[in-house]
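Just below is one structure, and these are the notes that go with it.
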Amino acid sequence: MDMPPFPGYQNIVQALSQADGDKIKQAIIEAGITTIDPAYSFAEGASAVDILMPKARRLLIYQTNPRDEESVTLFQQHHLPTFTAVSSLSESGIRAIALPYGSRPLSRMNFEEREAVQGYIGASEIFSQLGKYLAVIQQRTGKLPEAFSLGKVAFTSGYENPIRLVPPISLSAQQSIDQIAGTIQRELLDRRTSPDPQMNVQTLREGFLTR
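To convert, take the position in the sequence shown, counting from 1, and add 8; that gives this note's numbering.
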């Protein structure tokens with residue numbers, strides 16, 4: 009992974025390292041690529057870009073931190089589902105990962121179903137899968153993601169493990185499923201993306217307990 013994943017990559021890395029929004033936009037234009045539709049984007053602020061390449065190739069280029077590096081190592085050691093790195097870590101702590109084209113943050117999804125629908129992956133299945141995924145992370149590492157947000161969770165349809173955390177990831181032994189459930193319920197209430205956030209959280213807890 010010593011070669012940059014595409015021409016103009018280093019200019020984007022430099023702009024990200026400076027957290028300069030205007031330079032980031034200019035570097036993306038000069039590289040001849042586009043950013044993903046905001047409804048699907050994992051980029052927040054000037055610390056990441058979510059870009060679309062030719063042939064539906066999608067990359068998230070983001071600023072790492074020491075906690076993220078520790079978490080990435082733990083995920084690899086314990087064979088936890090994660091996204092594949094396509095670049096070496098830059099001197100300024102920037103890395104690129106490949107995202108499946110249709111990946112979407114849970115924060116930008118609506119959860120209108122009040123019960124499971126056969127043959128359809130809806131709210132019940134997604135929150136159950138999220139609970140099971142978090143349980144596996146805790147079981148294998150003894151930790152859970154801190155500073156949790158639905159915006160940091162990807163739903164990738166068509167994969168055996170459709171739920172994955174999006175970096176940068178920070179794991180903590182002090183984090184609990186109760187704290188995560190509380191965060192999810194508040195976010196769903198604030199965004200009004202679910203008619204029954206309490207039910208969604210209950211499904212999450214059940215998935216977590218069934219492991």
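Glycine included, every Cβ here is placed at the ideal spot set by N, Cα and C. Computed from a predicted structure; not experimentally measured.
According to the neighbour-count rule (16 or more other Cβ atoms, all chains shown, within 10 Å of its Cβ), is residue i buried or exposed?
{"i": "Ile37", "result": "exposed"}
{"i": "Glu99", "result": "exposed"}
{"i": "Ser184", "result": "exposed"}
{"i": "Leu217", "result": "exposed"}
{"i": "Asn118", "result": "exposed"}
{"i": "Ala35", "result": "buried"}
{"i": "Gln146", "result": "buried"}
Could you check the C-alpha separation between residue i and residue j for me, to the nearest Å?
{"i": "Leu24", "j": "Asn169", "result": "30 angstroms"}
{"i": "Val57", "j": "Pro74", "result": "20 angstroms"}
{"i": "Gly130", "j": "Phe14", "result": "36 angstroms"}
{"i": "Arg103", "j": "Ile44", "result": "18 angstroms"}
{"i": "Arg65", "j": "Pro108", "result": "8 angstroms"}
{"i": "Glu52", "j": "Leu60", "result": "16 angstroms"}
{"i": "Gly166", "j": "Gln18", "result": "32 angstroms"}
{"i": "His86", "j": "Val94", "result": "20 angstroms"}
{"i": "Leu142", "j": "Gln22", "result": "34 angstroms"}
Going by DSSP, which residues form a beta bridge with residue i?
{"i": "Pro153", "result": "Leu179"}
{"i": "Ala162", "result": "Pro113 and Arg172"}
{"i": "Thr42", "result": "Leu60"}
Item checked: Entirely enclosed beta strand (DSSP E) segments - the segment 45 to 119, minimum 3 residues -> 56 to 61, 65 to 71 and 102 to 107
Margin query: Taking contact to mean 3 or more Cβ pairs, one atom from each stretch, closer than 8 angstroms, check whether the segment 145 to 158 and the segment 185 to 195 are in contact.
Written below: yes
Notebook entry, point to check: Counting pairs of Cβ atoms below 8 angstroms between the segment 80 to 87 and the segment 136 to 143, do you hit three or more?
Noted result: no
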